[in-house]
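A.B. asks:
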Amino acid sequence: MTNLSPSSEQSKTSTAKASTAKTSTAKSSLRNGIILALFALVSSGLTAITWILTKDQIESEKELALLRAISELVPAQRYANEPYRDCVLLRDEQLLGSSDPQQAWRLRDVNGKAVAVLISSVAPNGYSGKINILVGHYVATASKATHLAGVRVTGHKETPGLGDKIEVRKSNWILQFADLATEDLKGDYWQVKKDGGQFDAFTGATITPRAMLSAISNNITYFQRHEQEIFSTAANCIDSEKEQTSE
Numbered sequence: 228m229t230n231l232s233p234s235s236e237q238s239k240t241s242t243a244k245a246s247t248a249k250t251s252t253a254k255s256s257l258r259n260g261i262i263l264a265l266f267a268l269v270s271s272g273l274t275a276i277t278w279i280l281t282k283d284q285i286e287s288e289k290e291l292a293l294l295r296a297i298s299e300l301v302p303a304q305r306y307a308n309e310p311y312r313d314c315v316l317l318r319d320e321q322l323l324g325s326s327d328p329q330q331a332w333r334l335r336d337v338n339g340k341a342v343a344v345l346i347s348s349v350a351p352n353g354y355s356g357k358i359n360i361l362v363g364h365y366v367a368t369a370s371k372a373t374h375l376a377g378v379r380v381t382g383h384k385e386t387p388g389l390g391d392k393i394e395v396r397k398s399n400w401i402l403q404f405a406d407l408a409t410e411d412l413k414g415d416y417w418q419v420k421k422d423g424g425q426f427d428a429f430t431g432a433t434i435t436p437r438a439m440l441s442a443i444s445n446n447i448t449y450f451q452r453h454e455q456e457i458f459s460t461a462a463n464c465i466d467s468e469k470e471q472t473s474e
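Numbering (this note's numbering), first residue to last: 228 to 474.
1) Taking 8 Å as the threshold (C-beta atoms), are Leu345 and Leu300 in contact?
2) State buried or exposed for Glu288, treating a residue as buried only when at least 16 other CB atoms are found within 10 Å of its CB.
3) Could you give the first and the last residue of the continuous beta strand (DSSP E) run that contains Asn308?
4) Over what stretch of residues does the alpha helix (DSSP H) that includes Tyr449 continue unbroken?
5) So what's Ser355 in DSSP terms, helix, strand or just coil?
6) Restricting to Cα atoms, I'd like to know which of Gly382, Pro436 and Thr409 is closest to Asp422.
7) Can you check the segment 352 to 419 for any beta strand (DSSP E) of at least 3 residues that lies completely inside it and give the ranges in chain order?
8) Is Arg335 buried or exposed, if buried means 16 or more other CB atoms sit within 10 Å of its CB?
9) Counting C-beta neighbours from all protein chains within 10 Å, is the total for Val337 16 or more, i.e. buried, or is it exposed?
10) So the candidates are Ser348, Ile358 and Val342; which of them puts its Cα closest to the Cα of Thr368?
11) Where does Ser348 sit, in a helix, a strand or coil, going by DSSP?
12) How long is the line joining the alpha carbons of Phe426 and Ser441, rounded to whole angstroms?
13) For Asn463, which residues in the same chain have their Cβ closer than 7 Å to its Cβ, ignoring the five residues on either side in sequence?
14) Can you list, in chain order, the residues of its chain whose CB lies under 6 Å from that of Leu293, leaving out five sequence neighbours each side?
15) When burial is assigned at 16 or more other CB atoms within 10 Å of the CB, is Glu410 buried or exposed?
16) Would you mind giving the Cβ-Cβ distance between Val362 and Ile443, rounded to the nearest angstrom? I have them listed as a contact below 8 Å.
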């Protein structure tokens with residue numbers, strides 16, 4: 228029988244311990260990996276379930292927000308359709324101020340005849356960045372030419388107390404566009420008075436109203452060029468939202 232020296236026995240013991248440690252580490256890593264994978268799977272599942280449970284609420288909130296904006300610009304008795312579902316996507320970076328598609332919500336009477344449209348667009352050059360606006364356009368009738376239903380700001384980061392006067396709750400500046408005929412208003416008209424136009428600026432804030440007036444003018448130009456197309460295109464906003472959500 229061969230007698231092992233103490234050093235040999237210690238070496239074998241160390242090797243065995245090292246092997247056991249490696250096996251333990253591998254098992255631990257595998258266990259941790261499985262736990263993380265399960266956690267990710269559960270998290271994804273919970274996110275999906277949350278979206279399924281809240282998507283109808285989100286859609287309802289979007290619709291209510293739109294209806295509130297419409298009600299400020301167009302009396303409910305003037306139209307009979309559901310504008311939120313009668314919506315088309317528009318693309319024109321030059322006139323609508325963004326490479327992202329904008330939206331046009333169409334208002335029709337009980338016979339399906341066009342009454343007005345609300346077109347979203349962007350003033351890209353506000354003092355503090357982009358200003359999102361909504362411009363309402365009444366279509367021409369036998370008794371009245373095309374004119375504005377009004378304008379509202381739907382998003383901005385302008386300076387509080389200065390540029391934020393574009394909000395209807397901060398000042399009445401934006402109310403001056405309601406019922407304004409637009410057929411022959413071109414050129415210098417859509418500028419602040421100090422630039423030779425027709426509109427007041429704000430004390431200490433000229434960049435914001437300049438950006439607003441330019442965006443409103445461009446929005447009007449888009450409507451004038453594409454009115455027939457806007458009302459004849461099949462509604463596609465909600466379908467587009469569904470496609471984006473499923474991606």
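Virtual Cβ for every residue (Gly too), placed ideally from N, Cα, C.
C.D. replies: The short version:
1) yes
2) exposed
3) If you look at Asn308, you'll find it isn't in any beta strand (DSSP E); DSSP assigns it neither H nor E.
4) For Tyr449, the uninterrupted alpha helix (DSSP H) segment begins and ends at Ile434 to Ser459.
5) Looking at Ser355 - three-state DSSP - the assignment turns out to be coil, as it is neither helix nor strand.
6) Pro436
7) 356 to 365 and 374 to 382
8) buried
9) exposed
10) Val342
11) strand
12) 12 Å
13) Val315 and Leu316
14) Tyr311, listed in sequence order.
15) exposed
16) 6 Å
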